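Asker:
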Amino acid sequence: MSGLWRWRHNPLRRRTDLVEAWVALAALVLMVFAAPAVGVLCGSLTDTSLRQQVTEQRLHRHVTAAVVAGRAEQRPGAAQPEGSTIRATRTTVVANWTAYDGSSRRGTLVSPLRAPEPGATFRLWTDDHGRPVPPPMARSAADTHAVFSGICAAAAAAGLIEGIRRLTVWRLIRRRYARLDRAWARCGPDWGRTGAGG
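Position 132, counted from 1, in the sequence shown is what the working numbering calls 150; the numbers after and before it change by one each time, with no gaps.
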């Protein structure tokens with residue numbers, strides 16, 4: 019807003035100075051009012067979508083108990099990178115579980131147990147057809163995602179407004195320099211020459 023001083027009645031004020039001041043004011047108003055409105059709108063739409071998704075997941079995902087039948091064969095290439103201190107805390111096992119429709123299922127799963135022995139059980143989420151799926155999204159996670167998307171949308175809108183303002187000011191400055199170059203071309207060569215009428 020340093021350009022607002024140009025609104026004063028100043029004999030040195032150029033038309034581009036006044037345009038720059040108005041652009042700065044418009045950018046400020048848009049950042050204060052439009053950017054938060056975009057954030058609220060985006061967050062609200064995201065929240066509505068995620069709440070529908072959470073409701074749908076809660077309807078079609080069911081928790082059951084998986085019983086470990088034995089360890090699955092380890093596939094080559096699953097080793098940790100050289101020098102890595104991270105150890106795998108999950109083990110691939112063959113397990114049995116009951117689907118939501120009552121049918122028995124068997125398959126290879128990643129167990130959350132550190133040392134799964136045959137007969138050990140763990141929670142498993144399945145869909146309506148008995149296939150393993152991730153657990154449904156928690157409402158708190160959906161709320162967090164909605165708030166984060168709203169903040170990101172507001173920040174992106176503010177950044178876009180500032181970028182447009184800077185581009186406009188850059189073009190105004192180029193226009194000023196072009197006018198200054200034309201003025202120098204008109205009167206500059208006469209300087210210092212006798213009889214040039216300057």
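Beta carbons: idealized from backbone N, C-alpha and C, even for Gly.
From a predicted model like this one, the values you see are computed outputs, not experimental measurements.
Please list, in chain order, all residues of the same chain as glutamate 100 whose beta carbon is under 6 Å from its beta carbon, the five residues on each side excluded.
Answerer: As a first step, residue 100 must be located in the sequence shown, where it is residue number 82. For glutamate 100, the predicted structure reports a pLDDT of 48, less than 50, and the residue's modelled location is therefore unreliable. A value from the coordinates is still provided. Excluding positions up to five away in sequence, the list is empty.
Asker: Give the range of the beta strand (DSSP E) segment to which alanine 83 is assigned.
Answerer: For the purposes of this step, residue 83 is taken as the residue at position 65 of the sequence shown. 80-89 is the span of the beta strand (DSSP E), which, as asked, contains alanine 83.
Asker: Output the boundary residues of the alpha helix (DSSP H) element that contains glycine 125.
Answerer: Position 107 of the sequence shown holds residue 125. Element bounds for glycine 125: not the alpha helix (DSSP H) but the beta strand (DSSP E), 122-129.
Asker: For arginine 76, collect the residues of the same chain with a Cβ closer than 8 Å to its Cβ; drop the 5 residues on either side in sequence, then sort them by chain order.
Answerer: Residue mapping note: residue 76 aligns to position 58 of the sequence shown, counting from 1. The residues are Pro154.
Asker: Find out if the Cβ-Cβ distance for the pair valine 187, valine 50 is shorter than 8 Å.
Answerer: Residue numbering aside, residue 187 sits at position 169 when the sequence shown is read from its first letter. Residue numbering aside, residue 50 sits at position 32 when the sequence shown is read from its first letter. In this structure, valine 50 does not lie closer than 8 Å to valine 187 by Cβ.
Asker: With a threshold of 7 Å on Cβ separation, who are the neighbours of leucine 190 within its own chain once the five nearest residues in sequence on each side are excluded?
Answerer: The sequence position of residue 190 within the sequence shown is 172, counting from 1. Cβ neighbours of leucine 190 beyond the five flanking positions: Thr34, Val37 and Glu38.
Asker: Are the CB atoms of arginine 89 and valine 58 within a distance shorter than 8 Å?
Answerer: Position 40 of the sequence shown, counted from the start, is the residue given in the question as residue 58. Position 71 of the sequence shown, counted from the start, is the residue given in the question as residue 89. Not a contact, by the Cβ cut-off of 8 Å.
Asker: At the level of alpha carbons, what is the spacing between glutamate 74 and arginine 192?
Answerer: Residue 74 sits at position 56 when you count from the first residue of the sequence shown. Residue 192 sits at position 174 when you count from the first residue of the sequence shown. Those two C-alpha atoms are separated by around 56 Å.
Asker: Mapping the DSSP letters down to three states, classify alanine 113 as helix, strand or coil.
Answerer: Taking the first residue of the sequence shown as 1, we reach residue 113 at position 95. The answer is strand: DSSP assigns alanine 113 an E or B state.
Asker: Which residue from Val128, Ile169 and Ala173 puts its Cα closest to that of glycine 61?
Answerer: Taking the first residue of the sequence shown as position 1, residue 61 is located at position 43. For glycine 61, the closest of Val128, Ile169 and Ala173 by C-alpha to C-alpha distance is Ile169.
Asker: What residues match up with proline 150 in a beta bridge as DSSP calls it?
Answerer: On the sequence shown, residue 150 is found 132 positions in, with the first residue counted as 1. According to DSSP, proline 150 bridges with Thr144.
Asker: For leucine 68, which option in Asp146, Ala156 and Glu180 has the closest C-alpha, if you only look at C-alpha atoms?
Answerer: Position 50 of the sequence shown holds residue 68. It is Ala156.
Asker: Just mark leucine 198 as buried or exposed, buried being the case when its beta carbon has 16 or more other beta carbons within 10 Å.
Answerer: In the sequence shown, counting from the first residue as 1, residue 198 sits at position 180. Counting Cβ neighbours within 10 Å, leucine 198 comes out exposed, since fewer than 16 surround it.
Asker: Can you tell me which of Thr139, Arg79 and Ala173 puts its alpha carbon nearest to the alpha carbon of aspartate 119?
Answerer: Your numbering for residue 119 matches position 101 in the sequence shown. Comparing Cα-Cα distances from aspartate 119 to each of Thr139, Arg79 and Ala173, the minimum goes to Arg79.
Asker: Tyrosine 195 lies in the alpha helix (DSSP H); which residues open and close that run?
Answerer: Here the question's residue 195 lines up with position 177 in the sequence shown. Its alpha helix (DSSP H) spans residues 157-205.
Asker: Which value, in whole angstroms, describes the spacing of the CA atoms of valine 283 and alanine 113?
Answerer: Absent from the structure is residue 283, since the part of the chain shown begins at 19 and ends at 216.
Asker: Starting from leucine 46, trace the alpha helix (DSSP H) in both directions and tell me its first and last residue.
Answerer: The count along the sequence shown starts at 1 and reaches residue 46 at position 28. Leucine 46: member of the alpha helix (DSSP H) spanning 33-47, first to last residue.
Asker: Around the C-beta of leucine 48, are 16 or more other C-beta atoms found within 10 angstroms, so that it is buried, or is it exposed?
Answerer: Sequence index remark: in the sequence shown, residue 48 carries index 30 (1-based). That one is buried.
Asker: Using DSSP bridges, identify the partner residues of threonine 139.
Answerer: Working through the sequence shown from its first residue, we reach residue 139 at position 121. Looking at the DSSP assignment, threonine 139 forms a beta bridge with Val85.
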